[in-house]
Amino acid sequence: MTDPEDLAERVREGDLRIHELEEHADYDTAAHARRLLVERETGTELEAIGDYAFPAEEADPNIENMIGAAQVPMGVVGPVPVAGGAADGEHYLPLATTEGALLASVNRGLGVIRSAGGADARVTKNGMTRAPVFRVAGVAEAAETVEWVEDEFETLRAAAESTTSHGELLDIEPYVVGDSVYLRFAYDTKDAMGMNMATIATGEACELVESETPASLVALSGNLCSDKKPAAINAVEGRGRSVTADALIPGELVEDRLHTTADAIAEANTRKNLIGSAKAGSLGFNAHAANVVGAAFLATGQDEAQVVEAANTITTMDAREREDGTTDLYASVSLASLEVGTVGGGTKLPTQAEALDILGLRGGGDPPGSNADALAEIIAVGALAGELSLLGALSSRHLASAHEDLGR
Numbered sequence: 009m010t011d012p013e014d015l016a017e018r019v020r021e022g023d024l025r026i027h028e029l030e031e032h033a034d035y036d037t038a039a040h041a042r043r044l045l046v047e048r049e050t051g052t053e054l055e056a057i058g059d060y061a062f063p064a065e066e067a068d069p070n071i072e073n074m075i076g077a078a079q080v081p082m083g084v085v086g087p088v089p090v091a092g093g094a095a096d097g098e099h100y101l102p103l104a105t106t107e108g109a110l111l112a113s114v115n116r117g118l119g120v121i122r123s124a125g126g127a128d129a130r131v132t133k134n135g136m137t138r139a140p141v142f143r144v145a146g147v148a149e150a151a152e153t154v155e156w157v158e159d160e161f162e163t164l165r166a167a168a169e170s171t172t173s174h175g176e177l178l179d180i181e182p183y184v185v186g187d188s189v190y191l192r193f194a195y196d197t198k199d200a201m202g203m204n205m206a207t208i209a210t211g212e213a214c215e216l217v218e219s220e221t222p223a224s225l226v227a228l229s230g231n232l233c234s235d236k237k238p239a240a241i242n243a244v245e246g247r248g249r250s251v252t253a254d255a256l257i258p259g260e261l262v263e264d265r266l267h268t269t270a271d272a273i274a275e276a277n278t279r280k281n282l283i284g285s286a287k288a289g290s291l292g293f294n295a296h297a298a299n300v301v302g303a304a305f306l307a308t309g310q311d312e313a314q315v316v317e318a319a320n321t322i323t324t325m326d327a328r329e330r331e332d333g334t335t336d337l338y339a340s341v342s343l344a345s346l347e348v349g350t351v352g353g354g355t356k357l358p359t360q361a362e363a364l365d366i367l368g369l370r371g372g373g374d375p376p377g378s379n380a381d382a383l384a385e386i387i388a389v390g391a392l393a394g395e396l397s398l399l400g401a402l403s404s405r406h407l408a409s410a411h412e413d414l415g416r
């Protein structure tokens, strides 16, 4: 067996490069050698980082220059009844975070939703996008290119789908800006988040566009996708899964469990999430949807950088008066661009795969796409619970005391 001490020394002497260690040792030994190198170069001890619970080789598709693992505390919230298009029944939701009070708050919201009979949730749109940008001489060539793309959609579909056994091209939306042509391809990627699938398929279609039109490809991603950046196009057109969850909370339940009223929560939502967000120029009109989305992403192996657009949420709270004069609370969240999958990427890592097992959603669904749809619906209900609990705390003026007790 290769000695990690020797490997570390060879890197220090310049005989090996840090990314070449797996060519000379097994994956765990290579990670050990890098830790030794970093420890010596920085004067630190990396005992906790090196104490990971899975074979390093299993992480090879997900990381380069591995030295260990970042261990983020994971908890669960729920269970809560979800009546979804794909998710049905009671579910626990695993969340990984370092923010004290978050899970307690979300669990409180889920408890209220559970007592109200559960939440409804639906994926209303699905399409992973990639938008290449082409150069043309001017608007005349741009129009010629767009016309060809629209006329030859089926030809482009065949080219794109030739690269994948699962993905389906749904649409190509053209945008022209001067001598630039952007083509926003949208795919049904089934249970995969599908970014790599969409990129490879779009690359194949771009070769056909170049060969049949005056357009020259400049970049396979022209930022109209738009991936890992806040963008209005995702809020309007969607990216990944657009999903909405809602619940009707009886007024007496709002008072007993949240210690406030439906009217007070509705006003707090309007003045904070709607008016306040508009004044701030926010793309999301919510209290803290990113908390639940981010924690669920870390727990279940999603691409954490996509929280930027995945948490793009509009929260609504409406006081609804019954015939007897009692006021109930209608609560909803709509996430426009929630990019999730249950196959591929980080979902295959042992910890994250176990978290998906808690949900009963590891791997591909039957029919294809149903597991990712269900995950989106459950995350949306978790975000709804977080919004409900935080707005309740704000309108009852309990937020500061809750963080003092639980935020530590």
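So in the numbering used here, the last spot in the sequence shown is 416, and the numbers never skip. For glycine and all other residues, C-beta sits at the position ideal for the given N, C-alpha and C.
- Task: Scan the segment 164 to 222 and note each continuous beta strand (DSSP E) run of 3 residues or more that stays entirely inside, going in chain order.
- Result: Segments of the beta strand (DSSP E) lying fully in the segment 164 to 222: 176 to 185 and 188 to 196.
- When the Cβ atoms of the segment 237 to 249 are set against those of the segment 360 to 374, are three or more pairs found closer than 8 Å? No, the segment 237 to 249 is not in contact with the segment 360 to 374.
- With 16 as the cutoff for other CB atoms within 10 Å, does residue 186 come out buried or exposed? Here residue 186 refers to the residue found at position 178 when the sequence shown is read from its first residue. Answer is exposed; the Cβ neighbour count stays below 16.
- Task: With distances taken Cα to Cα, identify the nearest neighbour of residue 196 among 184, 210, 188 and 190.
- Result: Sequence index remark: in the sequence shown, residue 196 carries index 188 (1-based). Of the candidates 184, 210, 188 and 190, the one whose C-alpha sits nearest the C-alpha of residue 196 is 210.
- Query: Is it buried or exposed for residue 226, if we count other Cβ within 10 angstroms and need 16 for buried?
  - Reply: Here residue 226 refers to the residue found at position 218 of the sequence shown. Counting Cβ neighbours within 10 Å, residue 226 comes out exposed, since fewer than 16 surround it.
- Alpha carbon to alpha carbon, how far is residue 352 from residue 265? As a working note, residue 352 is residue 344 in the sequence shown. As a working note, residue 265 is residue 257 in the sequence shown. Straight-line Cα distance between these residues: approximately 40 Å.
- What are the boundary residues of the beta strand (DSSP E) that includes residue 60? Your numbering for residue 60 matches position 52 in the sequence shown. In the DSSP assignment, residue 60 falls outside any beta strand (DSSP E), carrying neither H nor E.
- For residue 404, which residues from the same chain have a beta carbon less than 6 Å from its beta carbon, with the 5 sequence-adjacent residues on both sides left out? For the purposes of this step, residue 404 is identified with residue 396 of the sequence shown, where counting begins at 1. The residues are 267 and 268.
- What's the gap between the Cα of residue 345 and the Cα of residue 250? Here residue 345 corresponds to residue number 337 of the sequence shown, with the count starting at 1. Here residue 250 corresponds to residue number 242 of the sequence shown, with the count starting at 1. Residue 345 and residue 250 have their C-alpha atoms spaced approximately 5 Å apart.
- Item | Pairwise C-alpha distance: residue 378 and residue 104 | Residue numbering aside, residue 104 sits at position 96 when the sequence shown is read from its first letter. Residue numbering aside, residue 378 sits at position 370 when the sequence shown is read from its first letter. Taking the straight line joining both Cα atoms gives about 24 Å.
- Query: What whole-angstrom Cβ distance do residue 354 and residue 310 have, given they're in contact under 8 Å?
  - Reply: Taking the sequence shown and counting its residues from 1, the one referred to as residue 354 is at position 346. Taking the sequence shown and counting its residues from 1, the one referred to as residue 310 is at position 302. Sure, about 7 Å apart at Cβ, within 8 Å.
- Thinking just about the alpha-carbon of each residue, which of 387, 39 and 207 is nearest to the one in residue 74? Position 66 of the sequence shown, counting from 1, holds the residue named residue 74. The candidate whose alpha carbon is nearest that of residue 74 is 39.
- Item | Nonlocal neighbours in the same chain, by C-beta distance under 7 Å from residue 67, ignoring five residues either side | Counting from one through the sequence shown, the residue named residue 67 turns up at place 59. Here the set comprises 74 and 357.
- Hey, quick one: how far does the alpha helix (DSSP H) through residue 262 stretch, first residue to last? Position 254 of the sequence shown, counting from 1, holds the residue named residue 262. Following the DSSP letters along the chain, one finds residue 262 inside the alpha helix (DSSP H) bounded by residues 259 to 266.
- Query: Taking three-plus beta-carbon pairs below 8 Å as touching, is the segment 383 to 390 in contact with the segment 87 to 95?
  - Reply: The answer is yes - the segment 87 to 95 touches the segment 383 to 390, with three or more Cβ pairs under 8 Å.
- On the three-pair Cβ rule with 8 Å, is the segment 150 to 157 touching the segment 250 to 260? Taking a contact to require three or more Cβ pairs closer than 8 Å, the segment 150 to 157 and the segment 250 to 260 do not qualify as touching.
- Query: Helix, strand or coil: how does DSSP classify residue 7 here?
  - Reply: The displayed coordinates of the chain run from 9 to 416. Any statement about residue 7 would go beyond what the structure contains.
- Query: Excluding sequence positions up to five away, which residues of its chain have a Cβ less than 6 Å from the Cβ of residue 308?
  - Reply: Here residue 308 refers to the residue found at position 300 when the sequence shown is read from its first residue. These residues qualify, in order along the chain: 360, 363 and 364.
- Item | Three-state secondary structure (DSSP) of residue 86 | As a working mapping, residue 86 is identified with position 78 in the sequence shown. Here residue 86 carries a strand assignment [DSSP, helix/strand/coil].
- Measuring CB to CB, does residue 395 end up less than 8 Å from residue 303? As a working mapping, residue 395 is identified with position 387 in the sequence shown. As a working mapping, residue 303 is identified with position 295 in the sequence shown. Result no, Cβ atoms of residue 395 and residue 303 do not sit closer than 8 Å.
- Just confirm the distance between the C-beta atoms of residue 270 and residue 337, as a whole number of angstroms; I'd bet it's less than 8 Å. Counting from 1 along the sequence shown, the entry for residue 270 is found at position 262. Counting from 1 along the sequence shown, the entry for residue 337 is found at position 329. So it is a contact: roughly 4 Å between Cβ atoms.
- Task: State buried or exposed for residue 273, treating a residue as buried only when at least 16 other CB atoms are found within 10 Å of its CB.
- Result: Your numbering for residue 273 matches position 265 in the sequence shown. Counting C-beta atoms within 10 angstroms of its own C-beta, residue 273 has 16 or more neighbours from the protein chains shown and is therefore classed as buried.
- Task: Tell me the start and end of each unbroken alpha helix (DSSP H) in the segment 21 to 58 that is at least 4 residues and wholly inside, in chain order.
- Result: If you keep only unbroken alpha helix (DSSP H) runs of at least 4 residues inside the segment 21 to 58, you get 35 to 50 and 55 to 58.
- Query: Is residue 340 near residue 252, with beta carbons less than 8 Å apart?
  - Reply: Here residue 340 refers to the residue found at position 332 when the sequence shown is read from its first residue. Here residue 252 refers to the residue found at position 244 when the sequence shown is read from its first residue. Going by C-beta atoms, residue 340 is nearer than 8 Å to residue 252.
- Message: Relative to the C-alpha of residue 293, which candidate in 329, 333, 313 and 343 has its C-alpha closest?
- Response: The residue you call residue 293 lines up with position 285 of the sequence shown. Considering only 329, 333, 313 and 343, the residue with the shortest C-alpha distance to residue 293 is 343.
- Task: Take the Cβ of residue 408 as the centre, count every other Cβ of all protein chains shown within 10 Å, and call the residue buried at 16 or more, exposed below.
- Result: Here residue 408 is taken as the residue at index 400 of the sequence shown, counted from 1. Confidence is the limiting factor: at residue 408 the pLDDT is only 44, short of 50, which leaves the residue's position unreliable and the question unanswerable from this model.
- Task: With a cut-off of 8 Å on the beta carbons, I'd call residue 101 and residue 280 a contact; round off their distance for me.
- Result: Taking the sequence shown and counting its residues from 1, the one referred to as residue 101 is at position 93. Taking the sequence shown and counting its residues from 1, the one referred to as residue 280 is at position 272. Between residue 280 and residue 101 the Cβ distance is about 24 Å, and since that is not below 8 Å, they are no contact.
- Quick one: using the 10 Å Cβ neighbour count with 16 as the cut-off for buried, is residue 71 buried or exposed? Translated into positions along the sequence shown, residue 71 becomes position 63. Exposed, by the Cβ-count rule.
- Item | Enclosing alpha helix (DSSP H) for residue 135 [first to last residue] | Numbered from 1 along the sequence shown, position 127 holds the residue referred to as residue 135. Run containing residue 135: none in the alpha helix (DSSP H); it sits in the beta strand (DSSP E), 127 to 138.
- Backbone CA spacing between residue 126 and residue 47 [nearest angstrom]: Sequence index remark: in the sequence shown, residue 126 carries index 118 (1-based). Sequence index remark: in the sequence shown, residue 47 carries index 39 (1-based). Residue 126 and residue 47: Cα-Cα distance of roughly 51 Å.
- Task: Report yes or no: do three or more beta-carbon pairs, one from the segment 320 to 339 and one from the segment 213 to 229, lie closer than 8 Å?
- Result: Between the segment 320 to 339 and the segment 213 to 229 there are fewer than three inter-stretch CB-CB distances shorter than 8 Å, so the stretches are not counted as touching.
- What runs of the alpha helix (DSSP H), each 4 residues or longer, lie entirely inside the segment 219 to 250? Counting only runs of at least 4 residues, the segment 219 to 250 fully encloses the following alpha helix (DSSP H) elements, listed from N- to C-terminal order: 240 to 245.
- Does DSSP put residue 339 in a helix, a strand or coil? Indexing the sequence shown from 1 puts residue 339 at position 331. It is a strand residue.
- Which word fits residue 235, buried or exposed, when buried means at least 16 other C-beta atoms lie within 10 angstroms of its C-beta? Indexing the sequence shown from 1 puts residue 235 at position 227. Residue 235 comes out buried.
- Query: At which residue ranges does the segment 333 to 393 contain complete beta strand (DSSP E) runs of 3 or more residues, listed in the order of the chain?
  - Reply: At a cut-off of 3 residues, the continuous stretches assigned as beta strand (DSSP E) that sit fully inside the segment 333 to 393 are 335 to 346.
- Using the C-alpha atoms, what's the distance from residue 130 back to residue 380? The count along the sequence shown starts at 1 and reaches residue 380 at position 372. The count along the sequence shown starts at 1 and reaches residue 130 at position 122. When only Cα atoms are considered, residue 380 and residue 130 end up about 12 Å apart.
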